[in-house]
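Colleague:
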DNA sequence: ATTGACAGATTGTCTGACAATCTTGGAAAA
DNA sequence: TTTTCCAAGATTGTCAGACAATCTGTCAAT
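Protein chains in written order, with our numbering: chain A, 6 to 225; chain B, 6 to 225.
Right under this line is the structure:
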C-alpha cells in the first residue's frame with residue numbers, strides 16, 4: 006500500500022477553530038483571567054453561529070480554561086497559587102507514571118520518540134510568537150506521554166494541558182527567562198534518556214514542583 | 006443568617022438528563038461496547054432536540070464513555086485489556102497523590118470525610134439496582150479525592166470516572182462477588198485511616214492494579 | 001430594612017433547514 | 001474481471017431564528 010507514512014490530512018472543524026482562537030487569546034493575554042465571556046459577543050466577533058460557540062465553550066470549560074456557572078455566564082479561569090501547586094503535584098505524579106512505562110520498553114523505541122520530540126522542541130522554543138512557544142512546550146510534554154504508550158494518559162491530557170495553559174498564561178507575560186526554561190528541559194530529557202530512574206525522578210520534580218513554586222513566588 | 010447548612014437545590018439541565026440516561030444504559034448493559042449511536046435516534050427516543058443530544062454526546066466522549074470519529078459516528082467505547090491495566094496504573098498514581106495530601110492534613114478533618122464517605126458507601130453497596138451500586142462506588146472514590154483538597158484532581162475526575170465506568174460495565178454484568186468488593190474497600194479505607202503510609206500504599210495497589218488484573222484475567 | 005414585582009440580559013432548548021462528509025451500490029471504463 | 005467513477009442515501013457539522021428558563025438589578029410598597 007502506498008502512502009503509509011503520511012499524516013492524516015484533516016482540516017479543522019469550525020468549532021475547533023473557535024477553540025484555538027480563544028485559547029490563543031488566553032495565552033497571549035488578550036483575554037485576562039476572570040474576564041467574562043458571552044456567547045453572543047463571541048459569535049459575532051468570530052463570525053460563527055452561537056451554537057458553534059457553545060460547543061467550543063463547553064470544551065474549553067471541561068479543559069479547565071474557562072469556568073462556567075449555569076445561567077450566569079462564563080469567565081476565564083484564574084487559578085490560585087494553591088491551584089498551581091496542585092497542578093504541579095499532579096503533573097509530577099503523571100510524569101513519573103509515564104517514566105515507568107518509558108523505561109519498561111525493552112526496544113528503546115519509546116525513548117527514541119522522546120529524543121525526537123526534544124529536537125522538535127528545540128527548533129521552536131525560541132520562536133518569536135509566544136503562542137508557538139507555548140504550544141511547542143505543551144506538545145513536547147504530550148509527546149512524552151504519547152511515547153509512554155499509556156492510552157489513559159492521553160485521555161486526561163487535554164484537561165492537564167488546559168490547566169497548564171491557564172497557569173502559564175501569566176508566566177508568559179511576566180517571565181522572560183528562556184535560558185532557564187531550556188536548561189530545565191534539557192536536564193529533564195537527558196535524565197529520562199539516561200535510563201537512570203532516580204536521576205529522572207529528581208529532574209521531573211524540579212521541572213514540575215520546582216518551576217511551580219518559583220512561579221508562585223514570583224506572583225506573590 | 007438562616008439556612009447556612011443546606012445543600013444547594015439544583016435541578017438538572019436537560020443535557021445532564023441525557024448524559025445520565027446514556028450512562029445508565031451503558032452501566033446496565035442496555036448499550037453494549039462498540040454499539041453505534043446516532044444523534045437522531047437518541048433525540049427521538051429521549052424526546053429532546055438533536056442539539057441537546059449533541060452536547061451530551063460531546064461530554065460523554067470527553068469522559069471516555071463514547072468514541073467519536075468526525076462525520077462517521079459515535080459508538081460506545083470498548084476498552085482493551087491493555088486499556089484497563091493502563092487505567093489501573095493511572096488510578097494508583099492518583100490515589101497515591103490523594104493519599105499524600107490526606108496524610109498531610111494536620112487537623113484530621115480530611116480523614117473524617119473519608120470515614121463519612123465510607124459509611125455512605127456501606128449503605129448503598131448492596132442496593133438492588135446495579136446502577137446505584139456503581140454510582141456509590143464512583144462517589145466513594147470521588148469523595149476521597151475531594152477530601153484530599155486537590156482542585157486539579159477534581160478536574161481530571163470526570164475523565165477517570167468515565168473510564169472506570171466503561172471498564173466496570175462488563176464487570177457489573179459478569180461478576181457477582183460483593184463480599185470481595187466490600188473487603189477490598191474495607192482494607193483500603195482502614196489503611197488510609199490508620200495513617201500508615203506503607204500500608205495504605207499496598208492497599209491502594211491491591212485495590213487498583215490487583216482488581217484490574219483479576220478483571221482482565223476473567224475476561225481473557 | 002425587607003419584600004415583591006417588573007424589566008433587561010444571558011443562557012438553555014427547540015425547530016427546521018442546509019452544507020459537508022462518509023458509505024454504499026452499481027455503472028462505466030480499463 | 002478488476003478498477004475507477006459517480007449518484008443516492010445517511011449522518012454529522014453548522015446555521016438562523018425563536019422561545020423558555022434563569023439571573024441581576026431597580027424601584028415601589030410595606
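Even for Gly, the Cβ is constructed at its ideal location relative to N, Cα and C. This one's a predicted model, so the numbers in the text were calculated from it and none came from an experiment.
Have a look at residue 76 of chain A and residue 183 of chain B and give me their C-alpha separation to the nearest angstrom.
Modeller: Roughly 42 Å between the two C-alpha positions.
Colleague: Is it true that the CB of residue 29 of chain B sits closer than 9 Å to the CB of residue 168 of chain B?
Modeller: No; because the gap between Cβ atoms is not below 9 Å, this pair is not in contact.
Colleague: Report, in whole angstroms, the separation of the C-beta atoms of residue 62 of chain B and residue 71 of chain B, which I expect to be a contact under 8 Å.
Modeller: Rounded, the Cβ-Cβ distance is 6 Å, consistent with contact.
Colleague: Buried or exposed: residue 25 of chain A, going by 16 or more other Cβ atoms within 10 Å of its Cβ?
Modeller: That one is exposed.
Colleague: Once the 5 residues before and after residue 153 of chain A are set aside, which same chain residues still bring their CB inside 6 Å of it?
Modeller: Closer than 6 Å at Cβ, skipping near neighbours: 103, 106 and 107.
Colleague: Using a Cβ-Cβ cutoff of 8 Å, what residues of the stretch 189-212 of chain B are near chain A? List them in chain order.
Modeller: Here the close residues number zero.
Colleague: Roughly how many whole angstroms lie between the Cα atoms of residue 174 of chain B and residue 116 of chain B?
Modeller: If you take the alpha carbons of residue 174 of chain B and residue 116 of chain B, they lie about 30 Å apart.
Colleague: Counting C-beta neighbours from all protein chains within 10 Å, is the total for residue 100 of chain A 16 or more, i.e. buried, or is it exposed?
Modeller: Burial call: buried.
Colleague: So, are the CB atoms of residue 171 of chain A and residue 81 of chain A less than 9 Å apart?
Modeller: In contact: residue 171 of chain A and residue 81 of chain A (Cβ atoms closer than 9 Å).
Colleague: With a cut-off of 9 Å, does the C-beta of residue 2 of chain B fall near any C-beta of chain A?
Modeller: Limits of chain B in this structure are 6 at one end and 225 at the other, which puts residue 2 of chain B out of reach.
Colleague: Does the beta-carbon of residue 224 of chain A have 16 or more other beta-carbons within 10 angstroms, so that it is buried, or is it exposed?
Modeller: So residue 224 of chain A ends up on the exposed side.
Colleague: Verify whether the separation of the beta carbon atoms of residue 145 of chain A and residue 212 of chain A is less than 9 Å.
Modeller: Not a contact, by the Cβ cut-off of 9 Å.
Colleague: Spatial neighbours of residue 8 of chain A within its chain, please: C-beta separation below 8 Å, excluding the five flanking residues on both sides.
Modeller: A caution first: residue 8 of chain A carries a pLDDT of 41, below 50, which makes its placement in the model unreliable, though a value can still be read off. Around residue 8 of chain A: no qualifying Cβ.
Colleague: Mind listing the chain A neighbours of residue 69 of chain B? Cutoff is C-beta to C-beta under 7 Å, in chain order.
Modeller: Result: 160.
Colleague: Does the beta-carbon distance from residue 88 of chain B to residue 156 of chain A come in below 9 Å?
Modeller: The answer is yes: Cβ separation under 9 Å.
Colleague: In three-state DSSP terms, what is residue 36 of chain B?
Modeller: Coil.
Colleague: Does any residue of chain A bring its CB to less than 9 Å from the CB of residue 164 of chain B?
Modeller: So yes, residue 164 of chain B belongs to the interface.
Colleague: By the three-class DSSP mapping on this structure, what secondary structure does residue 78 of chain A have?
Modeller: Three-state result, residue 78 of chain A: strand.
Colleague: How long is the line joining the alpha carbons of residue 56 of chain B and residue 210 of chain A, rounded to whole angstroms?
Modeller: Computed Cα separation, rounded: 44 Å.
Colleague: Indicate whether at least one CB of chain A lies closer than 9 Å to the CB of residue 157 of chain B.
Modeller: Taking Cβ atoms only, chain A reaches closer than 9 Å to residue 157 of chain B, which makes this a yes.
Colleague: Roughly how many angstroms separate the alpha carbons of residue 59 of chain B and residue 187 of chain B, rounded to a whole number?
Modeller: Computed Cα separation, rounded: 38 Å.
Colleague: Measuring CA to CA, which of B:113, B:133, B:114 and B:138 is closest to residue 125 of chain B?
Modeller: The option with the nearest alpha carbon to residue 125 of chain B is B:138.
Colleague: Rounded to the nearest angstrom, what separates residue 33 of chain B and residue 134 of chain B at their Cα positions?
Modeller: Their backbone Cα atoms lie some 9 Å apart in a straight line.
Colleague: Under the assumption that residue 119 of chain B contacts residue 149 of chain B (Cβ atoms under 8 Å), give the Cβ distance between them as a whole number of angstroms.
Modeller: That pair is a contact at about 6 Å.
Colleague: Once you ignore the five residues that flank residue 64 of chain A on each side, which residues in its own chain have a CB closer than 8 Å to its CB?
Modeller: Excluding residues within five positions, the ones whose Cβ falls inside 8 Å are 20 and 24.
Colleague: To the nearest angstrom, how far is it from the Cα of residue 220 of chain B to the Cα of residue 214 of chain B?
Modeller: Whole-angstrom Cα-Cα distance: 10 Å.
Colleague: Is the Cβ of residue 91 of chain B closer than 9 Å to any Cβ of chain A?
Modeller: So, interface residue.
Colleague: Does residue 217 of chain A have its Cβ less than 9 Å from a Cβ in chain B?
Modeller: No, residue 217 of chain A does not count as interfacial toward chain B.
Colleague: Would you kindly check if the distance between the Cβ of residue 194 of chain A and the Cβ of residue 69 of chain A is under 9 Å?
Modeller: Their beta carbons are not under 9 Å apart, which means residue 69 of chain A does not touch residue 194 of chain A by this criterion.
Colleague: In angstroms with no decimal places, state the Cα-to-Cα distance between residue 42 of chain B and residue 27 of chain B.
Modeller: Roughly 10 Å between the two C-alpha positions.
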